[in-house]
Every structure is written in structure tokens, then in C-alpha cells.
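>
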Amino acid sequence: MATAVVAVVGVAGTALAEGGWTGEEFPGRPDMASYVSTVSSGGGATWAFGTYSPPGSPVSTTAQGFRRQDDGRWVEVPMPNIGQVASSAVTGPDNAWVVSQFSKFSRGATLHWDGRAWTEVPLVVPDAPRISPRDVAAVGPDVWAIGSAYRDGEDPLSRSFAARWVDGGWQGVALPPETDDQVFTSIGGAAADDLWMAGTTAGRPQQLVSMHWDGARWSHVPMPPLDTAQSDYLTVHDVAAFRPDDVWLSATQTPYDTPEASRPVLMHWDGAEWTRREPPVPVGKLGELVQAGGALWNLSPDALLRYDGTGWQHVDGPPEGALGNGAELPDGRLVGTGSGGDSYKPQPFAVVQSR
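Reading the sequence shown from the start, the letters are residues -17 to -1, 1 to 338 in mature numbering (1 follows the signal peptide of the UniProt record, and there is no 0).
1. Which residue marks the beginning of the beta strand (DSSP E) containing Leu288, and which one marks its end?
2. If Gly25 and Gly75 are in contact, beta carbons under 8 Å, what's the gap, nearest whole angstrom?
3. Taking its Cβ as the centre, do 16 or more other Cβ atoms sit within 10 Å of Tyr327, making it buried, or is it exposed?
4. Can you find the residues in the same chain that come closer than 6 Å, C-beta to C-beta, to Asp285, ignoring five residues on each side of it along the sequence?
5. On the DSSP bridge assignment, give the partners of Arg56 in chain order.
6. Distance check for Pro109 and Gly277, CA to CA, integer angstroms please.
7. Please classify Val149: is it buried, with 16 or more other beta-carbons within 10 angstroms of its beta-carbon, or exposed?
8. When burial is assigned at 16 or more other CB atoms within 10 Å of the CB, is Tyr239 buried or exposed?
9. Asn281 bridges to which residues according to DSSP?
10. Restricting to runs no shorter than 4 residues, where is the alpha helix (DSSP H) found entirely within the segment 169 to 208?
11. Ala255 by DSSP, collapsed to three states: which one?
12. From which residue to which residue does the beta strand (DSSP E) around Asn64 run?
13. Using the Cα positions of Gly198 and Val156, report the straight-line distance between them to the nearest angstrom.
14. Pull the bridge partners of Tyr216 from the DSSP assignment, please.
15. Please tell me whether Ala128 and Ala146 are closer than 8 Å, where the distance is taken between their beta carbons.
16. Closer than 8 Å is the cut-off here; do at least three beta carbon pairs connect the segment 69 to 86 with the segment 51 to 60?
17. Please report how far the alpha carbon of Arg259 lies from the alpha carbon of Phe167, in whole angstroms.
18. Taking the alpha-carbon positions, what's the Gly186 to Leu312 distance?
Now the structure itself:
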């Protein structure tokens, strides 16, 4: 495993960053391309996870994990190499989960932290031995993992799955049959009996799809149709509940031939139906939704947005660069991460919103 070197990208010590942000010490890998792809916090513990690879076109990806100390420094914690980390969830010092998705250079897997060490935990989907978890989330006392599973060979199969953490392992939860033609990439909600899953149809032209968990079963909830071309790509970034009747879904619609013309898609659930809302940015990509400091944040390379319960506003980000991931610290502040420096060998940075 390559050794991480502690660095602070773009700031010195804990000086107040421009626009109300404070930089934190975060390990870098000067000879590698290093990224953070997910940040999670809960029960007083905060973790960040991602991957690093040789610069340029990677032939391999190696998972990496970092834990935030009480003084704001981040330290690397060795973890099994599960490849391309997709998501994480944390409920306390003795409970954290990480999932990785299947790709050309990565296998799908799940890990659990018990306060001392990481352990790979099997997630079994009947008749589909290859898994690609897309998201893991802790809501109330429950932890869920969702994604897709596959079977190769003469009788190939692709299906969506949802699993709940029970007694130290993953227990599958039945989904409606039509979900095999849908790809779910995000899960979130307000309570253990009020969860949402969001994704897209597998066929084209793609449309958004959602399901709701009422504590007993998953059921589909209609989404407004989008004007999508046959070649457009829909990417669901996140679904998050500000309140039970104030749920948001962030997505991006990208034309195949003109990806620079990507358009943000923001959906809102008011307790009765989903409707489309206009974000304060007309073009570009939306991203992860993070609840922190009594507000809901959208973190993406193109827009840092803040929702206060009445509307979305554009917020100036840190000088280090755009934020792609974040979490709420125990004191209520937002901690965010991104990548900066040389585009050939980018390095992660961490900042905290200053009050």
C-alpha cells in the first residue's frame, strides 16, 4: 500500500479560508492520483473514503480510508482493497460501513468497521453472484445497502437489490418485480419507516424512478416524466429528507454528444407527490445532498447550494476548489472534501464551514 503524506492543500494550518471555510490537514499521495468519494459522520465519528491510482489512465484502483480526529486532523486507517469505493455510512466509533461498486478495475464488496478492524461482509443476492453496491445509508437504527447484481454466462441476469444490516450481516429485502428493469443508486429518508430509493429506468429514453419504504415494504411512487432524448444520460446523485414532507432528489441530465450542456434536475416531494423545481443554476451538474447546520446542502463540481427550508441559494465555496462530498460534524458544521492541485495527480482536501 502506498503511504499517505499529511498535507494541507491550499491553506496553512487552520487559517480561516476565504468565504467562511477553514482548511484541515488531510493526507495526500504526491506520486498518485488520490480522491475522496464519500464522507460520513455519526455518533461522534467522521470518516472519508476514496481511491488512489497511478497518474493518467489507471490500470488499478486502491481503496483508502481516513478518520477525522477531534483536533480536525485526518489520519489514514488501513483497509482492505475493495477497489472503487462508492458510498459509506457511520453510526459511531464502533460502526462504519463502506461499499464498492463493480467496474473494470474494481469488484463489488462491503466492509464493516467494529472499532478495531475492517472486515469484509458477504452480501448475497439469489441467482446473481456479482454485486455492484451503489449506496449505503444509516437512517434511524437501520443501515441499508442498495445496488445492482448480475449473473453472466448463457443465461445472464441483472436485478436491483436492497439489503438491511441485521445481527452483523446483510439480510435481503424483497423488491417489486419491475425493479429488475430499473437501476437504483441512492437511498435516504427521514426515519426507519420513511425511506426513499431513487434511480433511473434501465431502458431508453431514461426516466427517473422512486420507491418508498413504510417500515414493511417497498412500493413505487410515480415521478414526473422528463423530456429526455434517446441518447441522454440521467444520473441520480442523491435523495435526502429535510423533513418527512420535504424530500429532495438531485440528478443531472447529460446529452451524449454535448456533455458540456448538462442540465440540473431537482425534484421535490411535498408529502403527496413529486414535482420538478428549478435550481438557482441553469446549467451544470448537481451532486450529493448533505444535511448540516439546520440546512440541506448540494455539493457538486458545478454548484454549491444551500436550502434553508424555504428556497435554494448559491453559496461561495472554499478557495481550495469545488466540494464533492460532505457530512455534518458532531457540532453541526458542514465538513466537505474535494480534489485540487495538479489535474494529472490531484490530491484531496478537507474544509469545514466556519460559523
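Every residue, glycine too, gets a C-beta built ideally from N, C-alpha and C. The structure presented is a predicted model; accordingly, all values stated were derived computationally and were not measured.
Taking the definition as stated:
1. 287 to 290
2. 6 Å
3. exposed
4. Gly267, Lys268
5. Bridge partners of Arg56: none, in fact.
6. 41 Å
7. exposed
8. exposed
9. Leu272, Leu288
10. none
11. coil
12. No beta strand (DSSP E) contains Asn64, which DSSP labels as neither H nor E.
13. 11 Å
14. Thr237
15. yes
16. no
17. 19 Å
18. 39 Å
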